[in-house]
Amino acid sequence: MTTDSGELSTTAAFWDAAAATFDDEPDHGMRDPATRASWAARLRSWLPDEPSDVLDLGCGTGSMALLAAEQGHRVTAVDLSPRMARLAGAKLAATDARVLVGDAARPPVADGRFDAVLVRHVLWAMPDPADALRRWARLLRRGGRLILVEGRWGESDPIGLTAADVAALAAPIASRTEIEQLAHDSLLWGRPVADERYAAVIHPPPPRRHAEIVDVHLILRRPDDTVLLARRCGTGYADGLLNAPSGHVEAGEDVRTAMIREAAEEVGVVIDPSAIRVALVMQHRAPHGDSRTGWFFEARAWQGEPVNREPGKCSGIGWYALDALPDDMVAYCRAGFDAYRAGDRFVLHLHEAGDTIVHSPEGPSRAVALPHNDSVTPVQPAGDRP
1 MTTDSGELST TAAFWDAAAA TFDDEPDHGM RDPATRASWA ARLRSWLPDE
51 PSDVLDLGCG TGSMALLAAE QGHRVTAVDL SPRMARLAGA KLAATDARVL
101 VGDAARPPVA DGRFDAVLVR HVLWAMPDPA DALRRWARLL RRGGRLILVE
151 GRWGESDPIG LTAADVAALA APIASRTEIE QLAHDSLLWG RPVADERYAA
201 VIHPPPPRRH AEIVDVHLIL RRPDDTVLLA RRCGTGYADG LLNAPSGHVE
251 AGEDVRTAMI REAAEEVGVV IDPSAIRVAL VMQHRAPHGD SRTGWFFEAR
301 AWQGEPVNRE PGKCSGIGWY ALDALPDDMV AYCRAGFDAY RAGDRFVLHL
351 HEAGDTIVHS PEGPSRAVAL PHNDSVTPVQ PAGDRP
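Heads up, the sequence shown is in UniProt numbering, so the first residue is 1 and it goes up one at a time.
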């Protein structure tokens with residue numbers, strides 16, 4: 001949806017000019033009691049049964065908003081035209097409804113606040129209808145619904161959207177879409193009509209529960225304060241950079257077991273469960289990707305000499321001084337080691353778009369240490385950490 005202020009001003013001026021005669025259309029003004037009763041019955045069937053928070057976008061002079069308010073709903077009405085909004089305010093003056101001036105595509109309301117979003121004869125005029133639907137869906141609470149009244153108006157040179165068009169646009173955001181054809185009910189329009197007119201009630205699926213991949217990272221530390229790092233290759237992500245031996249937790253596996261398994265698979269060492277310690281927990285995110293939760297474990301005792309057991313994913317391993325780590329490390333891994341040295345135990349490292357995957361001493365630091373209840377002594381002075 002465009003945010004061009006000039007275009008919005010032109011649109012608002014057009015509807016300002018139309019406001020005085022807008023209610024002359026039977027389905028706008030609903031001055032005929034039969035027309036009004038017919039719309040009221042339809043709206044009652046589309047809205048939730050219980051009193052709910054309803055947002056009417058592109059409300060015009062407020063006729064639909066008034067019906068919703070009279071049915072016991074808590075109504076917020078939005079229109080781009082100040083004159084339309086004033087007429088709607090007058091029409092709704094005896095109710096608790098509020099009327100706002102704003103763009104229907106980007107309404108001046110918060111996300112997740114409404115049980116129903118009602119939009120009549122607006123979607124077809126959006127430059128990007130799919131984007132508008134996505135935005136409107138975000139305004140809903142869990143279990144909310146979008147109610148669209150749309151049509152394909154005219155017979156010789158029709159404009160608008162067909163019901164099939166709207167169903168296709170809604171598919172990416174809907175668990176189900178109910179289409180109700182309305183053209184046959186002449187009471188709604190004050191006359192018989194021959195084009196396509198319909199309501200679409202869109203039910204978005206409940207939001208996914210937050211889920212993240214869990215990965216584990218090994219700080220294998222020798223008495224001389226060197227740590228083992230592996231150089232990635234052939235993985236498609238951060239190839240050529242150093243990071244700690246690491247991997248994903250598999251289904252049914254706890255994080256300690258996963259770390260012991262990964263240590264054996266990647267570098268061939270056997271670590272007794274009693275010899276492994278939690279170093280820190282980090283939520284991290286790549287510049288273009290979802291966040292993950294990483295557990296960093298320290299081990300100072302193990303069996304076997306580390307070797308590269310995954311040459312298809314690693315071009316080599318080596319020992320590096322903990323207080324002089326190389327810069328060509330994966331950024332979040334380097335941040336984890338720096339946090340470990342400083343005694344931090346819970347860390348966020350969330351890249352922004354445009355950040356580099358490689359650690360950059362001159363770049364912005366994304367590491368945020370979270371406070372916790374137990375004070376700890378750093379395993380080593382942090383020095384000039386980035």
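Backbone N, C-alpha and C define an ideal beta-carbon position, used for all residues, glycine too. Quick caveat, the model's predicted, so the values are computed rather than measured.
Tell whether a beta-carbon distance below 7 Å holds between residue i and residue j.
i: residue 147; j: residue 118; result: yes
i: residue 67; j: residue 92; result: no
i: residue 169; j: residue 130; result: yes
i: residue 163; j: residue 202; result: no
i: residue 277; j: residue 298; result: yes
i: residue 35; j: residue 69; result: no
i: residue 83; j: residue 19; result: yes
i: residue 27; j: residue 133; result: no
i: residue 195; j: residue 154; result: yes
i: residue 268; j: residue 304; result: yes
i: residue 344; j: residue 324; result: no
i: residue 61; j: residue 22; result: yes
i: residue 309; j: residue 221; result: no
i: residue 180; j: residue 199; result: yes
i: residue 287; j: residue 339; result: no
Measure the C-alpha to C-alpha separation of residue i and residue j and round it to an integer number of angstroms.
i: residue 419; j: residue 81; result: Only positions 1 to 386 of the chain appear in the structure, and residue 419 is not among them; the question remains open.
i: residue 263; j: residue 294; result: 15 Å
i: residue 314; j: residue 279; result: 24 Å
i: residue 86; j: residue 349; result: 49 Å
i: residue 98; j: residue 74; result: 9 Å
i: residue 239; j: residue 359; result: 13 Å
i: residue 328; j: residue 341; result: 18 Å
i: residue 79; j: residue 336; result: 50 Å
i: residue 171; j: residue 150; result: 16 Å
i: residue 245; j: residue 229; result: 7 Å
i: residue 275; j: residue 356; result: 35 Å
i: residue 41; j: residue 351; result: 51 Å
i: residue 44; j: residue 25; result: 22 Å
i: residue 15; j: residue 192; result: 26 Å
i: residue 292; j: residue 283; result: 6 Å
i: residue 13; j: residue 372; result: 56 Å
i: residue 63; j: residue 38; result: 13 Å
i: residue 103; j: residue 29; result: 22 Å
i: residue 177; j: residue 113; result: 21 Å
i: residue 321; j: residue 253; result: 32 Å
i: residue 51; j: residue 182; result: 25 Å
i: residue 224; j: residue 270; result: 20 Å
i: residue 386; j: residue 331; result: In this prediction, residue 386 scores a pLDDT of 39, lower than 50, which makes its location untrustworthy; no coordinate-derived value is stated.
i: residue 241; j: residue 347; result: 22 Å
i: residue 137; j: residue 89; result: 25 Å
i: residue 165; j: residue 281; result: 47 Å
i: residue 127; j: residue 363; result: 38 Å
i: residue 209; j: residue 107; result: 26 Å
What does residue i pair with, by DSSP beta-bridge criteria?
i: residue 350; result: 285
i: residue 276; result: 299
i: residue 120; result: 149
i: residue 227; result: 221, 320
i: residue 248; result: 215
i: residue 329; result: 242
What three-state label does DSSP hand residue i in the structure shown?
i: residue 357; result: coil
i: residue 233; result: coil
i: residue 257; result: helix
i: residue 109; result: coil
i: residue 196; result: strand
i: residue 59; result: coil
i: residue 203; result: strand
i: residue 86; result: helix
i: residue 143; result: strand
i: residue 7; result: helix
i: residue 173; result: helix
i: residue 38; result: helix
i: residue 178; result: strand
i: residue 242; result: strand
i: residue 45; result: helix
i: residue 265; result: helix
i: residue 103; result: coil
Can at least three beta-carbon pairs, one atom from the region 250-262 and one from the region 202-221, be found at a separation below 8 Å? Contact between the region 250-262 and the region 202-221 is present, because at least three Cβ pairs lie under 8 Å.
Can at least three beta-carbon pairs, one atom from the region 110-127 and one from the region 54-64, be found at a separation below 8 Å? yes
Using 8 Å as the cut-off, can you tell me whether the region 314-334 makes contact with the region 226-245, which would need three or more C-beta pairs spanning the two stretches below that distance? Pairwise C-beta distances place the region 314-334 in contact with the region 226-245, as three or more of them are shorter than 8 Å.
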